[in-house]
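One structure is given here, and the rest of the page talks about it.
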Amino acid sequence: MTSNYRRREIDGLRAVAILAVVGYHIGFPVMAGGYVGVDIFLVVSGYVIAGLLFREQNETGSIALKSFYARRFRRLLPGFSLSLLATILLSFAFLLPDEQISVAKSGAAAALFGGNIYSWMINQDYFLIDNQFPPFRHLWTLGVEEQFYIFFPVSIAILAKIGFRKRAASQNWICNFVLMTVVVSLGMSILLSKQHSVFAYLMPFTRAWEFGAGALLAMLPSVSLRLRPVLAILGFALIVLAIIFFDDATPYPSFFACLPVVGTMVIIASGRPHEGNPVGHVLASSPMQAIGRLSYGWYLWHWPLIAIGHTVWGEEAALVRNTGLAFVALVLAGLSWHFIERPILESKWRIFATQRRVYLSGALLILCCVGISLLLWAWALRPLPDGSLLAQSRANHATAAHDFPFCNDRPGTVCEIGADASAPAILLWGDSHAAQLSKGFEQAIGKSQIRVIIRTMGGCTPAGQPRMAGPERQSEFVTQCAAFNDGSMAIARDLSAHGNLRGVVIAGDWNSERAGWSGPLAGRLKQLASLGLRTVLVTDIPLMPADFVNCTIRRGESACALTRALVQQRSEESHFQLNRISERYPDARLWSPLDGLCPAQLCPAAINGRFLYRNRNHLSVEGSLLLAPSALPMVDWLVHSPVMH
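Mapping the sequence shown onto my numbering, position 395 (from 1) lands on 847, and the numbers just tick up by one.
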């Protein structure tokens, strides 16, 4: 085994890794796969840590775990704590309460070495647009690494003792263990990346093989001098290919991660620059060394600045702004290294001078990080001014079930608004996108002699294709949805014959429906037409951006509004299908809520200080009421349809 793991080209590899990650995060065009920099870090970490442990075990016959963890505390905790505390303070200053709650939760989890577990628990897919700007998103990697540090050294120490007691070569025990870990973990990564991608990306079980690959490398014999130049170039090419050609759609880690992992292994195995490693000459250069030394701090600082910057300023000039913020983060990393991290590593600070003080100081830092995270959380829960946009947003989330209750076959859910049973009636039928129209209809009919009967079930349109996760739940809900729609059709048939029903309004989340919904929906209209009922198909409401609440609060109603043209473009396919269905029947029409929600060709999230949406694709009471003027002609057309028996 190699006896010295302080190699200049290793710092150069760290520089490659951090440049790839930062390039990816700032949105540099040719670095769509820059996230593979994390894989480089993990292999390097496995190689260095395993090499040090193996050398200690060979030289002393044991592994001093207390000393190992003290060294890790010295190296990781000061820089991590400083960046976390600074990010919390920036969140106090610049983020809104709901954003602060998210930061506080993830900060506390990261301080307890569980950032990756927290991200998995909230199903935070690293590549989804909605999830891309929490300030502590990047700390999942530290969670994985810290969990490796807890598990791996203890395992090696135990195996070393077993090998010694049985007078076997302990290295063989360790090598077999590491090899088995690599095989099992890689297999899990490949199997889980498709069906459980978030788990596979974030968990140590599916990343352990990358650490293990570096650990195996520390145990392998040296590569032939003649092969080193070719291998070094090949390894670097594999990393570059992954950075350039991978993107957010690449199933990851899976077997795709083998490219950067093998590339990193080959470069390390190719030896030092003077041993025939041409790539090593570049990696050992002064600029790469400087960046490599600051890579840990740069990783800690760059993402919170980029994330908070995006949250506050939005997409405008993102590449230029992110590049500037990444440079600021590099400066902060340099200051942290020179004035805090390096002095602590060299035991120049008395509170970190002895092993006992390291543990006490480390525990204190962890408590401080958790404490200030909880303080931010408590501050974010403070009462908000009545009527403020943020207070409205919270109330809209909390009162949705009360404002727009589902009206289906469950006991106590029969819903009617307007006049008594002798009045002309219309039926409102659909999923939550139909339920949200009820307040607008109530406003539209006013005190007129019109009755509205509401039949709604969450996730179930009259097309009968509910969108529920999981095969078992899907099958169960399909049956429930079909029964609900059959019941609604039976009510329409009965009311058309005996209850003065004049027409039906059908609404649903058409833009999110699975393919094939137009046929079943056309069948429903055919049934309704045979009863002599007029039908109105409601096109979908705008889909608001993920940050519509915070954007509107920060930048104003018009600045964050979608254009009507963009909304129509996004719903072009569903609108085409609905229009084609309605054209088949003379007593069917389309009605667009955009007439009420998009004045002056803009579709804002709020108008005159009142939020129109309770989430991205559901209206608030205010939004529903805004539809009343444009709904009134449609209601009038339905009610005055001829009655056929």
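Note that beta-carbon positions come from the ideal geometry of N, C-alpha and C, so glycine has one too.
Keep in mind that this is a model prediction, so the values were computed, not measured.
Item, Value
"Hey, quick one: how far does the alpha helix (DSSP H) through Tyr-1065 stretch, first residue to last?", "Segment 1065-1067 is the beta strand (DSSP E) holding Tyr-1065; no alpha helix (DSSP H) there."
"What are the partner residues of Arg-986, as DSSP defines its beta bridges?", "Gly-955"
"In three-state terms, what does DSSP make of Thr-702?", "coil"
"Taking only runs of the alpha helix (DSSP H) that begin and end inside the region 1008-1034, which ones reach a length of at least 4 residues, in chain order?", "1016-1022 and 1024-1034"
"Go to Trp-969, then tell me how far its beta strand (DSSP E) extends in each direction, as first and last residue.", "Note, Trp-969: premise wrong, no beta strand (DSSP E); not H, not E."
"Cβ atoms of Ser-799 and Ala-560: under 8 Å apart, would you say?", "no"
"For Leu-1042, report the span of its beta strand (DSSP E) as first-last.", "1040-1043"
"In this structure, what does DSSP give as the bridge partners for Leu-1071?", "Tyr-1065"
"My assumption, with CB atoms under 8 Å, is that Leu-471 sits in contact with Ile-743. Please give the rounded CB distance.", "7 Å"
"Candidates Ala-667, Cys-710, Leu-631 and Ala-670: which alpha carbon is nearest Ser-641's?", "Cys-710"
"Figure out for me which residue from Leu-1014, Leu-668 and Ser-1034 has the closest Cα to the Cα of Leu-986.", "According to the sequence shown, residue 986 is Arg rather than Leu. Among Leu-1014, Leu-668 and Ser-1034, the Cα nearest to that of Arg-986 belongs to Ser-1034."
"Can you grab the Cα-Cα spacing for the pair Ala-981 / Val-1091, in whole Å?", "15 Å"
"Mapping the DSSP letters down to three states, classify Ile-869 as helix, strand or coil.", "strand"
"Could I get the ranges of all uninterrupted alpha helix (DSSP H) runs contained in the region 769-835, with 4 residues as the minimum, in chain order?", "770-788, 794-797 and 807-832"
"Could you tell me the boundaries of the alpha helix (DSSP H) in which Val-650 lies?", "649-654"
"Decide if Thr-851 is buried, meaning its Cβ has at least 16 other Cβ atoms within 10 Å, or exposed.", "exposed"
"Are Ile-869 and Val-1087 touching if we call contact CB-CB under 8 Å?", "no"
"Between the region 966-975 and the region 1028-1048, can you find at least three pairs of beta-carbon atoms closer than 8 Å?", "yes"
"Could you give the DSSP three-state label for Leu-1054: helix, strand or coil?", "strand"
"Sorted by chain position, which residues of the same chain lie with C-beta nearer than 8 Å to Gly-922's C-beta, five sequence neighbours on each side aside?", "Confidence at Gly-922 is low in this model, with a pLDDT of 45, below 50, so its placement is unreliable and no value can be given for it."
"Name the residue from Leu-1014, Arg-1022, Thr-1004 and Phe-1000 whose alpha carbon lies nearest to the alpha carbon of Thr-991.", "Arg-1022"
"Report yes if the C-beta distance between Asp-1047 and Ser-1076 is below 8 Å; otherwise report no.", "no"
"Whole angstroms are fine: how far does the CA of Ala-684 sit from the CA of Arg-678?", "11 Å"
"Considering only their Cβ atoms, is the gap separating Pro-876 from Ile-902 smaller than 8 Å?", "yes"
"Starting from Val-488, follow the alpha helix (DSSP H) in both directions and report where the run begins and ends.", "Where Val-488 is concerned, there is no enclosing alpha helix (DSSP H), given that its DSSP letter is neither H nor E."
"Who are the Cβ neighbours of Gly-839 in its own chain at under 8 Å, not counting the five residues just before and after it?", "Gly-1061"
"What's the gap between the Cα of Val-468 and the Cα of Phe-688?", "10 Å"
"In terms of alpha-carbon separation, which member of Phe-629, Asn-848 and Ala-563 lies closest to Asn-1098?", "Shown here, the chain extends from 453 to 1097; a query on residue 1098 therefore has no answer."
"Give the single residue among Ser-737, Phe-651 and Val-606 whose Cα lies nearest to the Cα of Val-630.", "Val-606"
"Roughly how many angstroms separate the alpha carbons of Ala-785 and Ser-1010, rounded to a whole number?", "39 Å"
"With a floor of 4 residues, list each alpha helix (DSSP H) that falls wholly inside the region 540-571, ordered by position along the chain.", "549-563"
"DSSP on Ile-581, reduced to helix/strand/coil?", "Any reading at Ile-581 is ruled out, since the residue's pLDDT is 41, under 50, leaving its predicted position unreliable."
"Smallest Cα separation from Ser-738: which of Ser-813, Ser-533 and Glu-461?", "Glu-461"
"Under 8 Å, with one C-beta from each stretch per pair, do the region 480-492 and the region 698-705 reach the 3-pair mark?", "yes"
"Is the distance from the Cβ of Ile-553 to the Cβ of Ala-832 below 8 Å?", "yes"
"Where does Pro-673 land, buried or exposed, given buried means 16+ other C-beta within 10 angstroms?", "exposed"
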